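For any residue, its number in the numbering used here is found by taking its place in the sequence shown, counting from 1, and adding 20. Input: a single structure, listed below in C-alpha cells.
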Amino acid sequence: MNAQRVSPSPGLRAWLGLLVVLGPVLLVAMDGSVLFLAMAEISQALSPSADQALWILDVYGFAVGSLLIAFGNIGDRYGRLRLLVTGTAVFGAASAGAAFAPGPELLIVFRALMGVAGATLLPSALAVLGELFPDPRRRARAIGIFAATFAAGFAIGPVVGGQLLSSLWWGSVFLINLPVVVLFLVLAPVLLREVRATRAGRIDVLSVVLSAAGILLTVHAIKRVAAEGLTATPAATGIAGIVALGWFARRQLRLDHPLIDFALFRDRVFTIAAVTGLLPLAAWSATAYLGGIYLQSVLGLTVLHAALVALPGAAVLTVTCIVTPAVVARTGTRTALLGCHLLIAAGLLLLLVTGVSSGIGWYVAATVVAGLGYGISFSVVADTAVAAVPAERAGSAAAIAETGNEIGNALGIALLGSLAALVFRLQGPGIAGTLNETLQAPGLTAAVIGDAKAAFVTGLHIAAAVASILHAALGVFTLRHLPRSGVDRKDGV
21 MNAQRVSPSP GLRAWLGLLV VLGPVLLVAM DGSVLFLAMA EISQALSPSA
71 DQALWILDVY GFAVGSLLIA FGNIGDRYGR LRLLVTGTAV FGAASAGAAF
121 APGPELLIVF RALMGVAGAT LLPSALAVLG ELFPDPRRRA RAIGIFAATF
171 AAGFAIGPVV GGQLLSSLWW GSVFLINLPV VVLFLVLAPV LLREVRATRA
221 GRIDVLSVVL SAAGILLTVH AIKRVAAEGL TATPAATGIA GIVALGWFAR
271 RQLRLDHPLI DFALFRDRVF TIAAVTGLLP LAAWSATAYL GGIYLQSVLG
321 LTVLHAALVA LPGAAVLTVT CIVTPAVVAR TGTRTALLGC HLLIAAGLLL
371 LLVTGVSSGI GWYVAATVVA GLGYGISFSV VADTAVAAVP AERAGSAAAI
421 AETGNEIGNA LGIALLGSLA ALVFRLQGPG IAGTLNETLQ APGLTAAVIG
471 DAKAAFVTGL HIAAAVASIL HAALGVFTLR HLPRSGVDRK DGV
C-alpha cells in the first residue's frame, strides 16, 4: 500500500519510463559505430586476419538487421517488456565478454551475440512507448526523442570511443555499456508495464529463419562484392539470400498471422515513409564513412579531431528529431517528407565543393544542411510506422522501420562506398585498391600522393552526387504521388 502512495503519477511515470528506455537504445546505436576508432588497437592486441577484422566490424550490424522483424513479432506475441529486459541483460553480458575476449574468434562471437540482443531491444523499446504515451501528440514527441537518441548514438559513437581510447584499453568501449544495463534492469520493472498483442497466433519459425537468413546472406554478399569484386562465392551467397527472401515474401501472403503484413505497403504514406527510412540512412552512412576517410587521410586530421568536425551535423540532426513532431503537426507529413529529401539532396551537393587541400568548412555546412533532412526523416519514419498500424502490430511496424534503417546503413556503405572505390581504382595511381593502402606504400612521391587523394575526392563527389539525385527523385515522387488530402487525413488535420 505504501508503494502505491509514493508511486509516480501517470505522466511522470511515462517520462521517467522514456528515460529508462532510452538507455539501451543509445547503447545499441553507439555500438554500431564505436569500433571505427578502436579497430587499430584491437588489431594490435588480437592480430585478427583481414577477414576476421571485417567480421568484427560487420557481424553486429548483420545480426541486428537480420533479426529485427522476427523479434518485433515475438515481442508482440510474448511480451515486449519481457523481451526488452531479457535482451538488455544478454546485451550487457555479451558486452562484458567482448571487452575481455582473448582472441578475434571469441570477439566475433560476442559481437554477434550483442547484435542478436540489440535486435530484441529496438522494436520492443519503440513499441513500449505506445503504452507509456497513449495520447498521440505526446507519443509523437516521445518517438521524436527516441529517434533523436538513436541517431545521436551513431553520431557520438566514434567520439566516445576516441575519448576512451586516449586513456584506456580497447575493451573499455564495451564496458561503458554495463552501468546503463544495470540501471535499466533495476528501474524497468518499476516504471514499465508488460504489453503484448491481443490476437492469438503462433510464431512461424520458418518465416523467422527465412527472413534472418535472407537478409544476412544478401547484405553479406553485397559487402563482399564491394570489397572483392564479383566472384563465385558472393554471387552464390547473394542468389541464396534472394531466393530465401522471395520464399519468405510468398509465405507471408499465405499465413493467417504473417511475420510482415505486406498489406501495410498498400498505403502510400507508409510506403514512402518506409523508403524514407532506408535511403537517408544509406546516404548518411556512406558519406559519413567516406567523409571520415576524407578528413583523416586527405586533409590530415586526427581521428578525434575528425569526429569533432562531424559534431555540428550530429547536433543539428538530434535537435531536428526532437522538434519535428511539433513541426509536422503544423505542416503535415507530406510537407515534412518532401522537405527532408530536398534538404538531404542540397546538403549532399555541398560536398561537391570539398577539395584535396581544403574543405572542412564545406564539410560542416554539408552535414548541417543534410542533418536537418536526416533528423526529419528519422522522426517521421518512426512515428508513421507506429501510427499507421493497429496497436497490436506496433512492434512489427517498428521492426520494419528499424530494419529499413539497418539495411540502409549496410547498403549505403556497400553500394555507394563501392562506387567511390571503383572511381579510385580507375583514376588513382594503381598502387593499391584503397587510399589508405596506397598512402602506406613506401617511396611515394608528392605527385603520386596528390593523384591518390584527388582520385578519392572524386569518388566521394560521385557517391554524394548519386545520393543527392536519388533523394531529389524521391522528393519529386513524394510531391506527385502523395496528395495533401491523403496525408492530412492520416495526420488527423
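Idealized CB from N, CA, C, for every residue including glycine. Nothing here was measured: the structure is a model prediction, and the numbers come from that model.
Query                                                                                                        : Result
Neighbour-count burial assignment, Leu279, 16 or more Cβ in a 10 Å radius                                    : buried
Ser86 burial status per 10 Å Cβ neighbour count (16 or more: buried)                                         : buried
Nearest-angstrom beta carbon gap, Ala49 and Phe17 [assumed within contact, 8 Å]                              : This structure leaves residue 17 out entirely; the chain is present only between 21 and 513.
8 Å contact criterion, which Thr340 and Leu392 should meet: CB distance rounded                              : 5 Å
Leu250, buried or exposed, once every other Cβ within 10 Å from all chains shown has been counted against 16 : exposed
CA nearest to the CA of Ser69, picked from Pro124, Leu88, Thr106                                             : Pro124
Distance, Arg270 Cα to Val180 Cα                                                                             : 44 Å
8 Å CB neighbourhood of Leu275 in its chain, flanking five on each side removed                              : Asp224, Ser227
Proximity winner among Gly37, Leu499, Ala475, relative to Val206 (alpha-carbon distances)                    : Gly37
CB of Val443 within 9 Å of CB of Val376, strictly                                                            : no
Opening and closing residue of the alpha helix (DSSP H) in which Gly311 lies                                 : 288-313
Alpha-carbon spacing of Ala220 relative to Tyr98, whole angstroms                                            : A caution first: Ala220 carries a pLDDT of 46, below 50, which makes its placement in the model too unreliable to give a value.
Reference Trp267, options Gly234, Arg244, Thr257, Ala293, closest by Cα                                      : Gly234
Sub-9 Å separation of Leu431 and Ile313 beta-carbons                                                         : no
Proximity below 9 Å, CB of Leu195 to CB of Ala116                                                            : yes
C-alpha gap between Thr465 and Ser378, whole angstroms                                                       : 20 Å
Inter-stretch contact (C-beta, 8 Å, three-pair minimum) for the region 341-360 and the region 301-315        : no
Option nearest Phe91 by Cα separation, candidates Ile396, Pro143, Leu368                                     : Pro143
Straight-line Cα distance separating Leu104 from Val45                                                       : 11 Å
CB-CB length for Leu363 against Ala390, believed under 8 Å                                                   : 7 Å
Closest Cα partner of Val245 within the set Ala484, Gly437, Thr498                                           : Gly437
9 Å Cβ cutoff met for Leu459 and Ala475                                                                      : no
Pairwise C-alpha distance: Ala119 and Leu152                                                                 : 34 Å
Length of the line joining the Cα atoms of Leu185 and Ala137                                                 : 25 Å
Helix, strand or coil at Thr251 [DSSP, three-state]                                                          : coil
Burial state of Ala83, where buried means 16 or more other Cβ atoms lie within 10 Å                          : buried
Exposure of Ser231, with buried meaning 16 or more beta-carbon neighbours within 10 Å                        : buried
Three-state secondary structure (DSSP) of Ala220                                                             : Annotation note: pLDDT 46 at Ala220 (below 50); position unreliable, coordinate value reported separately. Note: Ala220 maps to coil in three-state DSSP.
Candidates Leu126, Ala162, Phe166, Asp155, of which the one nearest Leu141 by Cα                             : Phe166
Leu499 to Leu358 span [Cα, whole Å]                                                                          : 7 Å
N-terminal and C-terminal residue of the alpha helix (DSSP H) that Ser8 is part of                           : In the structure as shown, the chain starts at 21 and stops at 513, and residue 8 therefore has no counterpart that could be examined.
Reference Val468, options Ile451, Leu324, Leu480, closest by Cα                                              : Ile451
CB of Pro397 within 9 Å of CB of Thr296, strictly                                                            : The sequence as given places Ser at residue 397; Pro does not occur at that position. Yes. Within cutoff.
Beta carbon of Gly428 nearer than 9 Å to that of Leu337                                                      : no
Same chain, Cβ closer than 7 Å to His240, neighbours up to 5 away in sequence not counted                    : Phe82, Thr257
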